[in-house]
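> Got a structure for you, questions after.
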Amino acid sequence: MRNQYRNYNPTIRLRRQVMPNPLSKALTPSRLKDLLFIFSLLFLLYLLFRQIPPQLPLPSSDVSLGPTERRHLVIAVASSSRSWPLRKPYVRQWYSPKSTRAFVFLDKLAESDLGDGLDSSLPPVIVSEDTSRFPYSFRGGLRSAIRVARVVKEVVDRGEPDVRWFVFGDDDTVFFVDNLVKTLSKYDHDRWFYVGSNSESYQQNVKYSFDMAFGGGGFAISHSLAKALAKVFDSCLVRYAHLYGSDARIFSCVAELGVGITHEPGFHQNLFGFILYPRFDFYYTQLSLLTADAFLLLDEKGSTTWVDLRGNLLGMLSAHPLSPLLSLHHLDAVDSIFPKMNRTQAFEHLFEAVNVDPTRILQQTVCYDSSNSLTVSVAWGYAIQVIEGNKLLPDLFSLQKTFTPWRRSGSVEASQYMFTTRDYPRDACKRPAVYFMESVTSVNDGIQSNYARFKERNCPKANAIENLQNIRVYSKKLELDIEQLLHSYMLLGHFQMKAIRRQCCDILPAFNNSMIINIRQCGEQFCHLSEVQKETEISDDGQDCQQSMNLHNKRRMNELDLMYFEGRRSEITNQNELTFLLIHLASLITISFVHQFSYSLIFIRTISRFVSSFLT
Numbered sequence: 012m013r014n015q016y017r018n019y020n021p022t023i024r025l026r027r028q029v030m031p032n033p034l035s036k037a038l039t040p041s042r043l044k045d046l047l048f049i050f051s052l053l054f055l056l057y058l059l060f061r062q063i064p065p066q067l068p069l070p071s072s073d074v075s076l077g078p079t080e081r082r083h084l085v086i087a088v089a090s091s092s093r094s095w096p097l098r099k100p101y102v103r104q105w106y107s108p109k110s111t112r113a114f115v116f117l118d119k120l121a122e123s124d125l126g127d128g129l130d131s132s133l134p135p136v137i138v139s140e141d142t143s144r145f146p147y148s149f150r151g152g153l154r155s156a157i158r159v160a161r162v163v164k165e166v167v168d169r170g171e172p173d174v175r176w177f178v179f180g181d182d183d184t185v186f187f188v189d190n191l192v193k194t195l196s197k198y199d200h201d202r203w204f205y206v207g208s209n210s211e212s213y214q215q216n217v218k219y220s221f222d223m224a225f226g227g228g229g230f231a232i233s234h235s236l237a238k239a240l241a242k243v244f245d246s247c248l249v250r251y252a253h254l255y256g257s258d259a260r261i262f263s264c265v266a267e268l269g270v271g272i273t274h275e276p277g278f279h280q281n282l283f284g285f286i287l288y289p290r291f292d293f294y295y296t297q298l299s300l301l302t303a304d305a306f307l308l309l310d311e312k313g314s315t316t317w318v319d320l321r322g323n324l325l326g327m328l329s330a331h332p333l334s335p336l337l338s339l340h341h342l343d344a345v346d347s348i349f350p351k352m353n354r355t356q357a358f359e360h361l362f363e364a365v366n367v368d369p370t371r372i373l374q375q376t377v378c379y380d381s382s383n384s385l386t387v388s389v390a391w392g393y394a395i396q397v398i399e400g401n402k403l404l405p406d407l408f409s410l411q412k413t414f415t416p417w418r419r420s421g422s423v424e425a426s427q428y429m430f431t432t433r434d435y436p437r438d439a440c441k442r443p444a445v446y447f448m449e450s451v452t453s454v455n456d457g458i459q460s461n462y463a464r465f466k467e468r469n470c471p472k473a474n475a476i477e478n479l480q481n482i483r484v485y486s487k488k489l490e491l492d493i494e495q496l497l498h499s500y501m502l503l504g505h506f507q508m509k510a511i512r513r514q515c516c517d518i519l520p521a522f523n524n525s526m527i528i529n530i531r532q533c534g535e536q537f538c539h540l541s542e543v544q545k546e547t548e549i550s551d552d553g554q555d556c557q558q559s560m561n562l563h564n565k566r567r568m569n570e571l572d573l574m575y576f577e578g579r580r581s582e583i584t585n586q587n588e589l590t591f592l593l594i595h596l597a598s599l600i601t602i603s604f605v606h607q608f609s610y611s612l613i614f615i616r617t618i619s620r621f622v623s624s625f626l627t
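Set out below in structure tokens:
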């Protein structure tokens, strides 16, 4: 019994008991390397797809496309039931019911707006909300400043669609809407912007702030900032009960959000507000203005008195800054800007030129008549001044002091301004001859404006301009040069305005008692030159300037096109390289899967054989 196990071989027994492994042939080290390679490729492909930027979203109502237009602006006008009937003619000048969105905020409805007598040529009227719960502690001030300040919140809370900018002003603020649109196009409305200008009065800027946008001249707030401001505005008003005006409250609340003013010199706060003649004092019982009016004093009873000046507006309007005219204020506090017209007629006359070429209005152009030794300064759409002799160009950019302080014993600060001034000649023979705009029409591909002489000088001396009665000006419509940074095929367009350049002009030979002026683009050479400079540098006909400008523009367009196509070529090259890599990886993965599929068939066949042998 013991001997039957003597020849027992345990190794053979164990070998018989070990089950065959069907994977021993399939899962060799080389096959494991193939699997690891496949998983590595899949992981790399995953990382590549993660790094590819997502496609741009499809256009929707929340995405801002293209340049800013009139429909993207909402203008809020602060007024009162007492002042609104008197200010309607000014609002009619700039409001267009078909293209302009605007609202007038009153303390209560005016009698003229009751019933069915609403005027469709005026913006809709909204009665402001009750503000009695807000504190006001400025001694002698008016609580209406709180109501006017809350216009910012109330107009935002209306939820007007497709708004990029909110613009605020008074009922006696005249806006130049087309210029507003083009100017605000420089800025990204999705960022926080507070755009405006301070006062022309140095004294008022010292008293309030050099960084505050004075409301009477108008200011603009981007849609994104306006929404943030509206959320905190009521709580902010409680903290500033001690301030006088509404614009000071708005400035303070915007400052708390960390936003400073973006200066635009085209907003004019007191361009008209302090030019009164003859002197008069009056009492104004209802404050309806956004602004802390410059030269407006309050006594203990709350009555108001204007600190006025002598003179006229010629010196100011004839030397407007190079930036587009955006607003004018205090229009009913001055005499007519055109002779032989009342104030309403005068501004209707001014808007005849505005409607033809809004960007060029009041833009100053200087040219020289070498044959008669004359200097001509054109404030397009308003007036032309003809001066004997050749005046240096920078001297003509300062404002003539055609106005003087009425009270000569006043403080020094009251007669200081935020602009450069020059004396107006006392001698009538040294004063320029003035020609006011008479008519403006569009002719062919240009614009013709006519100016007639205003007889004011009492100079006994004969001079070269004694018989000059009419001046005709030819120009083309002035378009601000806006570059499109991202081309129109992109969904998100962003635009930028180039720096504005003053244009040049040429004086054609005079015919009888008239003069003809042609305004044109300047070339790379500066064409506003005196007679001596012209003789030594360029010809008087201006052809060199025009040709050089055309060549410059052509080269610039070629450069932009080249940059665009080079960028597109680089973009296409990168896309092609990425596509080739993906195709290569896909082919490798496909081959690997084919190999693995064949291995899988071998594996399945082995398993099936094992199962069948086990069962049998």
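Residue numbers (this note's numbering): 12 to 627. In this text, a Cβ means the ideal position worked out from N, Cα and C, and glycines have one as well.
1) Can you tell me which residues form a DSSP beta bridge with Phe9?
2) Count the other CB atoms within 10 Å of the CB of Phe50; is the residue buried (16 or more) or exposed (fewer)?
3) For Gly457, which beta-bridge partners are listed by DSSP?
4) Smallest Cα separation from Ser132: which of Leu153, Leu339, Val167 and Ala113?
5) Evaluate contact between the stretch 439–454 and the stretch 470–485, counting only Cβ atoms and requiring at least three cross-stretch pairs below 8 Å.
6) Would you be able to state if there are at least three C-beta pairs under 8 Å between the stretch 175–182 and the stretch 85–97?
7) Pull the bridge partners of His274 from the DSSP assignment, please.
8) Cα separation between Thr386 and Gln375?
9) Taking a contact to mean a Cβ-Cβ separation below 8 Å, would you say Thr370 touches Glu490 in this structure?
10) According to the Cβ coordinates, are Gln397 and Leu479 closer than 8 Å?
11) With C-beta atoms as the reference, is Leu373 less than 8 Å away from Leu336?
12) Can you give me the C-alpha to C-alpha distance between Glu363 and Ser450, rounded to a whole angstrom?
13) So for Asp555, helix, strand or coil by DSSP?
14) State yes or no: is the beta carbon of Lys441 nearer than 8 Å to at least one beta carbon in chain E?
15) From the DSSP output, in three-state form, read off Pro520 for me.
16) Can you tell me whether DSSP reads Val167 as helix, strand or coil?
17) Going by DSSP in three states, Glu542 sits in which element: helix, strand or coil?
18) Assuming Leu84 contacts Trp176 (C-beta within less than 8 Å), just tell me the rounded distance between them.
19) Whose C-beta lies closer than 7 Å to the C-beta of Gly400 among residues of the same chain, with five residues either side of it excluded?
20) Could you check what DSSP says for Ile261 in three-state terms: helix, strand or coil?
21) Taking the alpha carbon of Ile482 as the reference point, which residue from Ser246, Ala444 and Ser347 has its own alpha carbon closest?
22) In the DSSP assignment, find the unbroken alpha helix (DSSP H) run with Asp245 in it and report its ends.
23) From what residue to what residue does the beta strand (DSSP E) around Gly180 run?
24) By Cβ distance, which residues of its chain are closer than 7 Å to Val136, with the 5 residues on each side in sequence left out?
25) Residues in its own chain within less than 6 Å of Ser486 by CB, not counting five upstream and five downstream?
26) Taking the CB atoms as reference points, tell me whether Val166 and Ala89 lie closer together than 8 Å.
27) Provide the residue span of the alpha helix (DSSP H) that contains Met327, from first to last.
28) To the nearest angstrom, how far is the alpha carbon of Leu403 from that of Ala463?
29) Rounded to whole angstroms, how far is the Cβ of Ile272 from the Cβ of Tyr205, which I believe are closer than 8 Å?
30) Between Arg150, Lys242, Asp434 and Lys488, which lies nearest to Asn455 when the distance is taken from Cα to Cα?
31) Looking at the structure shown, is Asn529 part of a helix, part of a strand, or coil, going by DSSP?
32) With the cut-off set at 8 Å, would you say Phe358 and Leu333 are in Cβ contact?
33) Quick check on Thr184: does DSSP put it in helix, strand or coil?
34) Is it the case that the Cβ atoms of Leu407 and Val377 are separated by a distance below 8 Å?
35) What is the DSSP secondary structure of Glu11, counted as helix, strand or coil?
36) Is it buried or exposed, Lys99, if we count other Cβ atoms within 10 angstroms and call 16 or more buried?
This is what the structure holds:
1) This structure cannot speak to residue 9, because the chain is shown only from 12 to 627.
2) exposed
3) Val454
4) Ala113
5) yes
6) yes
7) Gly207
8) 13 Å
9) yes
10) For the record, residue 397 in the displayed sequence is Val; it is not Gln. The answer is yes: Cβ separation under 8 Å.
11) yes
12) 8 Å
13) Any reading at Asp555 must be qualified, since the residue scores a pLDDT of 49, below 50, and its modelled position is unreliable; the value itself is stated next. In the structure shown, Asp555 sits in a helix (DSSP, three-state: H, G or I).
14) Checking the listed chains, one finds no chain E in this structure; it contains a single protein chain.
15) strand
16) helix
17) Residue placement at Glu542 is poorly supported in this model, since its pLDDT is 36, which falls under 50; the coordinates are not used for a value here.
18) 5 Å
19) Ser384 and Thr386
20) helix
21) Ala444
22) His234 to Arg250
23) Trp176 to Asp181
24) Val115, Leu117, Leu120 and Asp124
25) Ile458 and Ile530
26) no
27) Leu325 to Leu328
28) 25 Å
29) 5 Å
30) Lys488
31) strand
32) no
33) coil
34) yes
35) No answer is possible for residue 11: the residues shown for the chain start at 12 and end at 627.
36) buried
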